[in-house]
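Working notes for the structure below.
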Amino acid sequence: MFRYIKFPLLSLVLGLALAGLLSWMQAPSLSLLFKSLFTVALLCVLEISLSFDNAVVNATVIKKMDDVWKKRFLLWGMLIAVFGMRFLFPVVIVSIAGGISLMDSVSMALQRPDDYAAMMIDAHLAVSSYGGAFLLMVALHFFLNAEKDMHWFAIIERPFVKFATVKSSEIMVALMIILFIYNFMETSVQSTFITSSLYGVVTYLVVHGLSELLGDDRMKNIKWMSSGFGLFLYLEVLDASFSFDGVVGAFAVTKQLYEIMIGLGVGAFFVRGLTLYLVDNEKLEQYQFLEHGAFYALAALALFMLLDHFFHFPEWITALTGAAILGASILGSIYENRKTRAS
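Take any residue in the sequence shown, count from 1 to its spot, add 249: that is its number in our numbering.
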């Protein structure tokens, strides 16, 4: 187990050291330094607690990768996760929301963190509806599968399997849910919600379609055109969608961009370690309902994000919901395994 957390632990030590250094450079105060270290540690815990279902869903995809692309996902994927999603993503969102350049957005983050955080939070509806729609499509793809023959809650899942024979059933169900929510929104925010949600659906269709295309045997001899690349791309967008809520929520904890980047980035290292542990030790096969639990938790997160305009669900509720569902799926798997052995 230690080999899966040694690099995350190293990243934690280095991250805390960097946060302390940056805090001291801003203001040489021991109280502010310890506050910064505590904030980074808190954000790290927040990221891990919100990402258990992310780790399991990632594991279902990574187990299909060859060793080369697994290593690329760990190296390149971490760079994208830390610098892309925890630094560049908020900068781009504020740039678009405020109609300012990327450099002005970076300058605002460094010199006027309160204004920067306010603009990031104001963009929450667009961000959460986009990410929620994408994750909803991912969850529906799992449940609306005509070939799915293992069910955790058969009374819920069997009707989905039967409905999966209908062409484009995933898109149909997703659009029905999105339009249902849309009809209850105020006119002033309907456009933002529906546009962002549709972009989320389209992003899923493009990325998933590309992943399927690259998995075709005819693409194997074309450089870079491999199933591994398609799965890598799919994982990165999936990771990004999972992290949207955490990134926006982090601004409620601190306005300092470097604390958010370090805290959530270190948390992402631990999530990667957990993902590898699940894959290498075949935990998805050992706990047969764990994958089901992850997608139930994913569906819940998607609905939380889509409904955020009406009910803001605190991060601890999201984390506890996901953890409870995953815990129940593990207990259900243990019970089923014992029942099978007894018979």
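The beta carbon of each residue, even a glycine, is placed where N, CA and C say it ideally should be.
Is the beta carbon of residue i less than 8 Å from the beta carbon of residue j?
i, j, result
"V343", "Y365", "yes"
"L480", "M327", "no"
"G581", "F538", "yes"
"F383", "F409", "no"
"D610", "K504", "Residue 610 lies beyond the range of the chain shown here (250 to 592); nothing can be said about it."
"L569", "F301", "no"
"L267", "I511", "yes"
"L265", "V502", "no"
"V520", "I297", "yes"
"F491", "P257", "no"
"S446", "I420", "no"
"L533", "A308", "yes"
"G516", "A546", "no"
Distance check for residue j and residue i, CA to CA, integer angstroms please.
i, j, result
"V317", "W325", "12 Å"
"V262", "L279", "18 Å"
"V306", "D488", "10 Å"
"L506", "H373", "17 Å"
"L270", "S417", "53 Å"
"Q275", "G333", "24 Å"
"A413", "Y253", "38 Å"
"L550", "T567", "7 Å"
"I225", "Y453", "This structure cannot speak to residue 225, because the chain is shown only from 250 to 592."
"V450", "E508", "32 Å"
"N394", "R361", "49 Å"
"Y483", "P277", "44 Å"
"K284", "D371", "26 Å"
Of the choices the options, whose alpha-carbon is the least far from that of residue i?
i, options, result
"T524", "M554, K320 and F409", "K320"
"V456", "T436, V438, G347 and E485", "E485"
"E540", "L265, K312 and P257", "K312"
"E564", "F287, F256 and L299", "L299"
"A573", "L374, L258 and A543", "A543"
"E461", "V451, F478 and G449", "F478"
"G458", "F562, A546, V387 and V528", "V387"
"L385", "M554, H561, S578 and F562", "M554"
"E531", "V310, F518 and F283", "V310"
"E396", "S578, K411 and P257", "K411"
"F500", "P257, F336, I254 and Y253", "F336"
"I405", "L389, I420 and V415", "L389"
"L593", "Y536, L513 and D529", "Missing from the structure shown is residue 593; the chain here goes from 250 to 592 and no further."
"I430", "M368, D371 and H558", "H558"
"Q535", "E585, F322, L556 and I509", "E585"
"S437", "A375, V422, H400 and S350", "A375"
Would the C-beta of residue i count as close to the ligand MG, meaning under 7 Å from any of its heavy atoms?
i, result
"I443", "As presented, the structure is devoid of all ligands, the ligand MG included, so that no description of it is given."
In chain order, each alpha helix (DSSP H) run of at least 4 residues that lies wholly inside the stretch 262–342:
Entirely contained in the stretch 262–342, the alpha helix (DSSP H) runs reaching 4 residues are, in chain order, 279–299, 301–311 and 316–328.
Could you tell me which uninterrupted alpha helix (DSSP H) segments, each at least 4 residues in length, are contained entirely in the stretch 511–555, listed from first to last along the chain?
Whole alpha helix (DSSP H) segments, 4+ residues: 532–535 and 539–555.
What beta strand (DSSP E) runs, 3 residues minimum, are completely inside the stretch 357–443?
Look at the stretch 357–443 and you find no whole run of beta strand (DSSP E) that is 3 residues long or longer.
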